[in-house]
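Undergrad: Mind looking over this structure? Questions follow.
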């Protein structure tokens, strides 16, 4: 097997201010499937092309933002191996028992130097509503709304980006397809544990633990256009796009959920391999890196987070 | 209340999706800038459509949905209602002092407001000060 250890982003848990509005947004508009609602108020969702029980968790709260971002491992042995490495690196581990989220095995949790809670887990039930595996159709039921296939990645904002890079690359075996280096240090890093151009990214920011956006994968540029039409029709708060990122080369729209968490619909992007060199952007060109056609960073990119 | 013919006009005609005939004046404190906002319409929606003029203290546009806090304002006079705003940006105490997010702010009379954006750096310093 070529990919071992950590496989991909598995779970994100977001805080939302109004659950009904959030469900309309994520299920009817973005097109995720509703999996269930538990007694504590949390709602579980998945993309139509995802095999496992859930990938997105919404928690009702009085502030917006991100509670946790979790990576799925191939086996419990891998999780145990990473636990040892993380403890040796000096981060404290919290055990989350199996069943804390439905259909999900035990998780380990820790807070990285940017202030974000990251988790690892190996076991999650397969969904009864996953993609077909015997002589499959492209999809079982025609996708809804923006036709999001899966939860794809997150961009997080916080301090100590250099330490975050060290931790993810040395302790968790991520590699780094792309970065932005300014004269006063690293502004941003794009990292992957697979061969997607990014599984997680970070931008240097004063406040710890912030969410810039959570991204959903669409099939192609024409689905990005369809998503833009839905945003116009349903008065969804749009930030930037449709456009392209120079960094990752993905095609994109940034927009906001009804609680102000930024979402992205994203497609394309290059294939990244561990033995590829890192692409580096400097301060004079970073505008084209972030928004390829506009060629400039807008103020909202650096200040609007939850 | 002010009469509609004293208002700024803008492309697209009069305000508001679902607003009533009732229009209120939203004035930016310490400036000549004012705009009309229909009852039942978000203050930020009107500011976003109308306020792109020099010399007007601007209210920033962010998520437009009560989460990111960049459109934070302080209301100095007038009656209004707000809907749910992230407590990261407007605490209960601040809400009582007239702070609000313009994207969750609906006028019930003429209002005088002032932008009250807090940068992430300031926000972190405030939090650290509160903790010590």
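Residue numbers (our numbering), protein chains in the order written: chain A, 1 to 306; chain B, 1001 to 1132. For glycine and all other residues, C-beta sits at the position ideal for the given N, C-alpha and C. Remember, it's a predicted structure, so these values are computed and weren't measured experimentally.
(1) How long is the line joining the alpha carbons of residue 1009/B and residue 1024/B, rounded to whole angstroms?
(2) Going by Cα to Cα distance, which pick from 263/A, 41/A, 290/A and 270/A is closest to residue 100/A?
(3) In this structure, does DSSP put residue 310/A in helix, strand or coil?
(4) For my contact list, residue 1046/B and residue 1026/B are in at a C-beta cut-off of 8 Å; report their separation, rounded to the angstrom.
(5) Let me know the secondary structure DSSP gives residue 44/A once reduced to three states.
(6) Mind checking if residue 1120/B is an interface residue toward chain A, Cβ cutoff 8 Å exclusive?
(7) Got a sec: which bits of the stretch 1055-1078 of chain B sit with their beta carbon under 9 Å from any beta carbon on chain A, in order along the chain?
(8) Might you give, ordered along the chain, the residues of its own chain that have their beta carbon closer than 6 Å to the beta carbon of residue 91/A, omitting 5 neighbours on each side?
(9) From 8/A, 192/A, 149/A and 105/A, pick the residue whose C-alpha is nearest to that of residue 31/A; which is it?
(10) Which value, in whole angstroms, describes the spacing of the CA atoms of residue 104/A and residue 199/A?
(11) Assuming residue 172/A contacts residue 203/A under a Cβ cut-off of 8 Å, what Cβ separation, rounded to an integer in Å, is found between them?
(12) Which residues does DSSP pair with residue 1133/B in a beta bridge?
(13) For the ligand MN, any of its heavy atoms closer than 7 Å to the Cβ of residue 122/A?
(14) Using the Cα positions of residue 263/A and residue 1117/B, report the straight-line distance between them to the nearest angstrom.
(15) Mapping the DSSP letters down to three states, classify residue 242/A as helix, strand or coil.
(16) Under 7 Å between beta-carbons, which chain B residues line up against residue 205/A? List them in chain order, please.
(17) Identify the residues that DSSP records as bridge partners of residue 1115/B: which are they?
(18) Between which two residues does the alpha helix (DSSP H) carrying residue 89/A extend?
(19) Ignore the nearest five residues each way along the sequence and tell me which others in residue 1076/B's own chain have a CB closer than 6 Å to its CB.
(20) Report back the beta-carbon spacing between residue 247/A and residue 290/A to the nearest angstrom; my notes put them in contact at under 8 Å.
(21) Would you mind working out which of 55/A, 60/A and 2/A sits nearest residue 21/A, comparing C-alpha positions?
(22) What residues in its chain sit with their C-beta under 7 Å from that of residue 139/A, if we drop five residues either side in the sequence?
(23) Interface residues of chain B around residue 60/A at Cβ under 9 Å?
(24) Taking DSSP as the reference, what is the three-state secondary structure of residue 156/A?
(25) So, with DSSP's three-state summary, where would you put residue 191/A?
(26) For residue 141/A and residue 117/A, I'd like the C-alpha separation in whole angstroms.
(27) Which whole-angstrom value describes the C-beta separation of residue 26/A and residue 36/A, a residue pair presumed to lie in contact below a C-beta threshold of 8 Å?
(28) Among 1080/B, 1104/B and 1079/B, whose alpha-carbon lies nearest the alpha-carbon of residue 988/B?
(29) With 16 other CB atoms within 10 Å as the buried threshold, where does residue 237/A fall?
(30) Where DSSP assigns a beta bridge to residue 267/A, which residues make up the other side?
(31) Please list, in chain order, all residues of the same chain as residue 78/A whose beta carbon is under 6 Å from its beta carbon, the five residues on each side excluded.
(32) Interface residues of chain B around residue 256/A at Cβ under 9 Å?
(33) Among the candidates 181/A, 189/A and 146/A, whose CA atom is the shortest distance from the CA of residue 167/A?
(34) State the start and end residues of the unbroken alpha helix (DSSP H) segment that holds residue 229/A.
(35) Between residue 1123/B and chain A, is any beta-carbon pair separated by less than 8 Å?
(36) Look at residue 215/A and residue 146/A and say whether their C-beta atoms are less than 8 Å apart.
TA: Taking the geometry as given:
(1) Residue mapping note: residue 1009/B aligns to position 9 of the second chain, counting from 1. Residue mapping note: residue 1024/B aligns to position 24 of the second chain, counting from 1. Unreliable placement is indicated for residue 1009/B, whose pLDDT of 35 sits below 50; no coordinate value is reported for it.
(2) In the first chain, counting from the first residue as 1, residue 100/A sits at position 100. Of 263/A, 41/A, 290/A and 270/A, the residue nearest in Cα terms is 41/A.
(3) It is not possible to answer for residue 310/A, since the shown part of chain A is limited to 1 through 306.
(4) Working through the second chain from its first residue, we reach residue 1046/B at position 46. Working through the second chain from its first residue, we reach residue 1026/B at position 26. That pair is a contact at about 7 Å.
(5) The residue you call residue 44/A lines up with position 44 of the first chain. Strand, per DSSP.
(6) Within the second chain, the letter at position 120 stands for residue 1120/B. Yes, residue 1120/B lies at the interface with chain A (some Cβ there is under 8 Å from its Cβ).
(7) Identification of residues in the stretch 1055-1078 of chain B having a C-beta nearer than 9 Å to some C-beta of chain A yields 1060, 1061, 1062, 1063, 1064, 1065, 1066, 1067, 1068, 1069 and 1070, given in sequence order.
(8) The residue you call residue 91/A lines up with position 91 of the first chain. Non-local beta-carbon contacts of residue 91/A in its own chain, meaning distances under 6 Å to residues more than five positions away in sequence, involve 110 in chain order.
(9) Here residue 31/A refers to the residue found at position 31 of the first chain. Among 8/A, 192/A, 149/A and 105/A, the Cα nearest to that of residue 31/A belongs to 149/A.
(10) Along the first chain, read from residue 1 onward, the residue named residue 104/A stands at position 104. Along the first chain, read from residue 1 onward, the residue named residue 199/A stands at position 199. For residue 104/A and residue 199/A, the gap between their C-alpha atoms comes out near 21 Å.
(11) Here residue 172/A refers to the residue found at position 172 when the first chain is read from its first residue. Here residue 203/A refers to the residue found at position 203 when the first chain is read from its first residue. That belief does not hold up - the Cβ atoms of residue 172/A and residue 203/A are roughly 19 Å apart, past 8 Å.
(12) The first residue shown for chain B is 1001 and the last is 1132, placing residue 1133/B beyond what the model contains.
(13) With respect to the ligand MN, the structure offers nothing, as it holds no ligand at all.
(14) Here residue 263/A refers to the residue found at position 263 of the first chain. Here residue 1117/B refers to the residue found at position 117 of the second chain. CA-to-CA, the gap between residue 263/A and residue 1117/B works out to about 23 Å.
(15) Position 242 of the first chain, counted from the start, is the residue given in the question as residue 242/A. Here residue 242/A carries a strand assignment [DSSP, helix/strand/coil].
(16) Position 205 of the first chain, counting from 1, holds the residue named residue 205/A. For residue 205/A, the residues of chain B that pass the 7 Å Cβ criterion are 1120, in the order they occur in the chain.
(17) Here residue 1115/B is taken as the residue at index 115 of the second chain, counted from 1. Beta-bridge annotation (DSSP): residue 1115/B is paired with 1073/B.
(18) Position 89 of the first chain, counted from the first residue, corresponds to residue 89/A. First-last of the alpha helix (DSSP H) with residue 89/A: 76-89.
(19) Position 76 of the second chain, counted from the start, is the residue given in the question as residue 1076/B. Around residue 1076/B: 1029 and 1112.
(20) For the purposes of this step, residue 247/A is taken as the residue at position 247 of the first chain. For the purposes of this step, residue 290/A is taken as the residue at position 290 of the first chain. The beta-carbon separation of residue 247/A and residue 290/A, rounded to 7 Å, stays under the 8 Å limit for a contact.
(21) As a working mapping, residue 21/A is identified with position 21 in the first chain. Residue 21/A has its Cα closest to that of 60/A, out of 55/A, 60/A and 2/A.
(22) Your numbering for residue 139/A matches position 139 in the first chain. In the same chain as residue 139/A, and ignoring 5 residues on each side of it, the C-beta atoms closer than 7 Å to its own belong to 48, in chain order.
(23) Residue mapping note: residue 60/A aligns to position 60 of the first chain, counting from 1. For the C-beta of residue 60/A, not a single chain B residue is nearer than 9 Å; the gap to the nearest is close to 11 Å.
(24) As a position in the first chain, residue 156/A is number 156, starting the count at 1. Reduced to three states, the DSSP call for residue 156/A is strand.
(25) Against the first chain, residue 191/A aligns to sequence position 191. In the structure shown, the three-state DSSP call for residue 191/A is strand.
(26) Position 141 of the first chain, counting from 1, holds the residue named residue 141/A. Position 117 of the first chain, counting from 1, holds the residue named residue 117/A. Going by the C-alpha atoms only, they are around 35 Å apart.
(27) Translated into positions along the first chain, residue 26/A becomes position 26. Translated into positions along the first chain, residue 36/A becomes position 36. Contact doesn't hold; Cβ gap of about 14 Å is too wide.
(28) The first residue shown for chain B is 1001 and the last is 1132, placing residue 988/B beyond what the model contains.
(29) If you number the first chain from 1, residue 237/A lands on position 237. Classification of residue 237/A: buried, given that the 10 Å Cβ count is 16 or more.
(30) Counting from one through the first chain, the residue named residue 267/A turns up at place 267. DSSP, once it has assigned bridges, lists 251/A as partnering residue 267/A.
(31) For this step, residue 78/A is matched to residue 78 along the first chain. So the list reads 5, once near-sequence residues are dropped.
(32) Numbered from its first residue, the first chain carries residue 256/A at position 256. Per Cβ cutoff of 9 Å: 1062, 1063, 1064, 1065, 1067 and 1068.
(33) Along the first chain, one-based indexing puts residue 167/A at 167. Ranking 181/A, 189/A and 146/A by Cα distance to residue 167/A puts 189/A first.
(34) Counting from 1 along the first chain, the entry for residue 229/A is found at position 229. Per DSSP, residue 229/A belongs to the alpha helix (DSSP H) from 221-233.
(35) Here residue 1123/B corresponds to residue number 123 of the second chain, with the count starting at 1. Closer than 8 Å to some Cβ of chain A, the Cβ of residue 1123/B qualifies, so yes.
(36) Position 215 of the first chain, counted from the start, is the residue given in the question as residue 215/A. Position 146 of the first chain, counted from the start, is the residue given in the question as residue 146/A. No. Outside cutoff.
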